[in-house]
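First comes the structure, then the notes that go with it.
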Amino acid sequence: MISGPTCSCTGRAEDRRCSTAKPGWRNRWETETAAKPGHPAKPAGNETATPSIALLVQRLLLSQLLGVSEVVDAIVSAKSKTGLFESSRAINAFVCIARRFASARFMLVSHTGPERIMRLRLLTSLLLLLSATVSGAQPNAANPYAPSPYVTLQHPGWSQNAVLYQLNTRQFTAEGTFNAARAQLPRLKDMGIGIVWLMPVHPIGVKHRKGTLGSPYAVKDYYGINPEFGTLDDLKAFVAEAHRLGLRVILDWVANHTAWDNPLLEQHPDWYERDWQGHFRPTPWWDWSDIIDLDYRQPGLRKYMTEAMAWWVREADIDGFRCDVAGYVPLDFWENLRRELDAIKPVFMLAEVEQRDVHARAFDATYAWSWNNTVHNIAQGKTDATALFGFYSENESAWPHDAYRMTYTENHDQNAWEGTAFERFGKALQPAIVLSMLGEGVPLIHNGQEAGNEKRLAFFEKDPIAWRAHSLDGFFRKLIALKHRLSALRNGKLGARMVPVVNSDPKAVFSFVRANADDGVLVALNFTGEAKIMRLIDGPFRGQYRDAFSDEVLRLDTNASLHVDAWGHRVLLRQP
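Letter 556 of the sequence shown, counting from 1, is numbered 938 in my numbering, and no numbers are missing.
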């Protein structure tokens with residue numbers, strides 16, 4: 383028999399912790415929690431229980447289960463749905479307390495009539511006590527001061543050095559279809575892309591539609607395909623080809639709101655929010671007149687939306703979701719959704735929000751809006767390179783290392799409403815791209831950037847990208863290849879922290895090192911229009927290097943100087 387942690391109430395090994403339990407219950411728990419092929423085991427660490435006590439008590443009362451072994455069985459069988467116990471510690475804590483009550487004969491089954499009702503009420507009280515005890519338990523009973531990881535979800539293994547690519551099916555090709563886009567997947571694979579993010583694929587509402595074709599974020603049918611793009615079989619073929627090439631595909635999902643003519647409005651009007659006059663309403667304060675907001679206080683809506691997203695994972699083999707305005711939807715919905723999706727297969731979840739807490743149990747990645755805005759302000763001359771100190775100080779001190787923060791120089795919203803990457807970053811675009819790719823974070827490329835797209839793509843009309851050969855294509859490829867080759871550049875906690883390199887001109891040049899025992903890189907970025915020769919003052923920069931772009935070999939010692947062109951960059955690879 384397998385030995386485990388000791389029981390807190392008996393001091394005996396976990397394999398003997400409850401002699402009154404029904405034979406086989408422990409084997410069932412082991413089967414449920416063991417790692418399955420393609421499904422990584424849950425990480426150790428902060429696995430404090432999240433009780434769903436109402437469902438649990440209801441199951442027990444309806445089943446009239448009073449014996450301790452039956453209670454344990456009910457707990458185990460309900461575990462995955464209720465989320466009550468997510469670790470062996472929680473199971474152990476429950477069994478130990480249940481044994482104490484059992485020994486006091488609070489769960490006798492010999493009573494009938496009023497006495498049985500009394501026992502049921504006592505059992506309900508016991509379960510409430512257990513929920514409080516387990517949920518408040520320390521994650522490490524042996525040492526309550528030991529740190530626990532904040533991020534407890536498991537990132538898919540294929541995301542550890544992935545670069546995201548946002549694909550707008552309408553504008554990506556002249557045809558604007560899945561089939562035409564599928565033909566471009568080998569190019570994206572060769573470029574080094576790991577995850578393809580498809581903008582919404584669903585039918586678009588007609589009522590209050592904006593423009594001729596409408597916004598893809600005004601969803602008319604969560605189970606449908608926009609006929610403009612093709613069919614469900616066409617999407618499946620796109621995903622299958624991506625998987626054959628080793629790419630992953632995530633869908634853009636709009637959970638916050640629907641189109642006005644989504645059938646859900648007639649079928650479940652109670653699933654929608656209303657304004658002060660009692661009318662259905664768009665998202666407050668925005669001019670999103672083509673949509674109306676959903677109300678996540680309704681359990682039926684939560685169930686529907688969860689099942690719809692799970693359907694796409696099962697039916698189309700989708701690998702995850704980018705979740706539109708995710709911060710407008712309650713976090714507990716996303717956390718439960720993540721559990722249910724991961725039970726199907728490992729998924730990657732990107733939230734359109736900049737918030738630390740969503741990383742714990744719901745999302746792998748979030749938007750680094752503040753990074754983008756900071757670099758934009760530097761490029762526009764509104765501040766200098768030292769403004770990045772604030773972002774990276776907070777990133778290291780206030781955010782978990784295993785949070786993937788998405789860094790980018792363009793996305794669909796910015797391209798359409800604020801300006802292209804060329805407009806927003808100007809001559810600082812190349813150092814900004816280097817920082818997005820080699821600094822901490824998960825990088826994103828917006829379709830067309832590799833072709834040097836200089837136009838704002840129409841959001842509600844057909845406006846295909848004008849593809850052409852451009853120097854940015856090779857630039858992106860070079861940086862992505864470095865990210866894949868150097869383990870120090872991996873995403874999250876698998877990658878190395880950025881360590882500042884203090885230089886003599888910090889307002890102009892931002893410099894840092896990312897290194898581990900195997901490899902490392904020194905990056906210096908000049909955010910001014912003047913060439914700089916700056917002295918390296920402090921930091922782990924000393925050593926032998928090779929320039930990733932020029933192949934120049936150089937040695938940096940104490941008080942070494944480094945030349946960086948105007949609006950330029952130096953990427954130095956550590957040599958043995």
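Note that the Cβ used here is the ideal one computed from N, Cα and C, for glycine as well. If you're wondering where the values come from, they're calculated on a predicted model, not measured in any experiment.
Between the C-alpha atoms of residue i and residue j, what's the straight-line distance to the nearest angstrom?
{"i": "ALA803", "j": "ALA524", "result": "53 Å"}
{"i": "ARG937", "j": "LEU820", "result": "21 Å"}
{"i": "GLY465", "j": "TYR678", "result": "At GLY465 the pLDDT is 44, less than 50, meaning the model places this residue with poor confidence; the figure from the coordinates comes in the next sentence. Cα to Cα, the separation comes out at about 19 Å."}
{"i": "TRP668", "j": "PHE703", "result": "24 Å"}
{"i": "ALA556", "j": "GLY830", "result": "13 Å"}
{"i": "PHE931", "j": "ARG952", "result": "8 Å"}
{"i": "PRO538", "j": "GLU912", "result": "43 Å"}
{"i": "SER779", "j": "VAL935", "result": "35 Å"}
{"i": "HIS650", "j": "ARG684", "result": "12 Å"}
{"i": "SER462", "j": "TYR686", "result": "Confidence in SER462 is poor, its pLDDT being 41 and thus under 50, which makes the residue's placement too unreliable to answer from."}
{"i": "GLY660", "j": "LEU647", "result": "14 Å"}
{"i": "GLU832", "j": "ARG867", "result": "21 Å"}
{"i": "HIS590", "j": "TRP781", "result": "40 Å"}
{"i": "LEU839", "j": "PHE858", "result": "21 Å"}
{"i": "LEU617", "j": "LEU633", "result": "11 Å"}
{"i": "ASP603", "j": "LEU535", "result": "30 Å"}
{"i": "ARG663", "j": "TRP694", "result": "28 Å"}
{"i": "ASP657", "j": "GLY558", "result": "37 Å"}
{"i": "ALA690", "j": "LYS764", "result": "45 Å"}
{"i": "GLY874", "j": "MET880", "result": "12 Å"}
{"i": "LEU490", "j": "PRO666", "result": "For LEU490, the pLDDT reaches just 43, beneath the cut-off of 50, and the residue's location in the model is therefore unreliable, leaving the point undetermined."}
{"i": "ARG564", "j": "THR551", "result": "10 Å"}
{"i": "TYR605", "j": "PRO825", "result": "30 Å"}
Could you pull the start and end residues of the alpha helix (DSSP H) that residue i belongs to?
{"i": "LEU868", "result": "From DSSP, LEU868 is part of no alpha helix (DSSP H); its letter is neither H nor E."}
{"i": "THR688", "result": "681–698"}
{"i": "GLN649", "result": "646–649"}
{"i": "THR551", "result": "551–554"}
For residue i versus residue j, is the C-beta spacing smaller than 8 Å?
{"i": "ASP714", "j": "PHE730", "result": "no"}
{"i": "ALA870", "j": "ARG896", "result": "yes"}
{"i": "ILE827", "j": "TYR547", "result": "yes"}
{"i": "ALA641", "j": "ILE673", "result": "yes"}
{"i": "THR748", "j": "LEU719", "result": "no"}
{"i": "ASN797", "j": "ARG787", "result": "no"}
{"i": "ALA698", "j": "ILE726", "result": "no"}
{"i": "TRP949", "j": "ASN908", "result": "yes"}
{"i": "ALA744", "j": "GLY823", "result": "no"}
{"i": "VAL707", "j": "ASN638", "result": "yes"}
{"i": "THR791", "j": "PHE807", "result": "yes"}
{"i": "LYS914", "j": "ASP887", "result": "yes"}
So the candidates are the options; which of them puts its Cα closest to the Cα of residue i?
{"i": "LYS837", "options": "ILE815, TRP799, ASN644, VAL631", "result": "TRP799"}
{"i": "VAL891", "options": "TRP670, HIS741, THR768, GLY606", "result": "THR768"}
{"i": "HIS783", "options": "TYR532, VAL545, ALA563", "result": "TYR532"}
{"i": "ASN755", "options": "ILE919, ILE847, ASN793", "result": "ASN793"}
{"i": "PRO813", "options": "ARG738, ASP947, ALA708", "result": "ASP947"}
{"i": "GLY612", "options": "THR594, PHE560, GLU655, ALA810", "result": "PHE560"}
{"i": "GLU736", "options": "VAL583, ALA562, ALA785, LEU723", "result": "ALA785"}
{"i": "ARG696", "options": "LYS914, THR665, VAL621", "result": "VAL621"}
{"i": "PHE841", "options": "ASP572, PRO568, LEU595", "result": "LEU595"}
{"i": "LEU580", "options": "GLU655, TYR710, PHE554", "result": "PHE554"}
{"i": "GLY576", "options": "LEU549, PRO585, PHE771", "result": "LEU549"}
Considering just the uninterrupted stretch of the beta strand (DSSP E) at residue i, what are its terminal residues?
{"i": "PHE715", "result": "Element bounds for PHE715: not the beta strand (DSSP E) but the alpha helix (DSSP H), 713–724."}
{"i": "ARG956", "result": "951–956"}
{"i": "TYR927", "result": "925–929"}
{"i": "GLY702", "result": "702–705"}
{"i": "ALA528", "result": "Where ALA528 is concerned, there is no enclosing beta strand (DSSP E), given that its DSSP letter is neither H nor E."}
{"i": "SER932", "result": "Looking at the DSSP string, SER932 is not in any beta strand (DSSP E), and its letter there is neither H nor E."}
{"i": "ASP677", "result": "Unbroken run through ASP677: none, as it is neither H nor E."}
{"i": "THR640", "result": "639–641"}
Do we get a CB-CB distance below 8 Å when we pair residue i with the residues of chain D?
{"i": "THR594", "result": "Of the protein chains in the structure, only one exists, and it is not chain D."}
For the segment 754–810, which segments carrying the beta strand (DSSP E) assignment without a break, of at least 3 residues, lie completely within its bounds, in sequence order? 786–790
What residue ranges within the segment 846–920 form continuous beta strand (DSSP E) runs of no fewer than 3 residues, ordered along the chain? 880–882, 891–897, 902–908, 914–920
Whole alpha helix (DSSP H) elements within the segment 557–634, 4-residue minimum: 560–564, 567–573, 614–627
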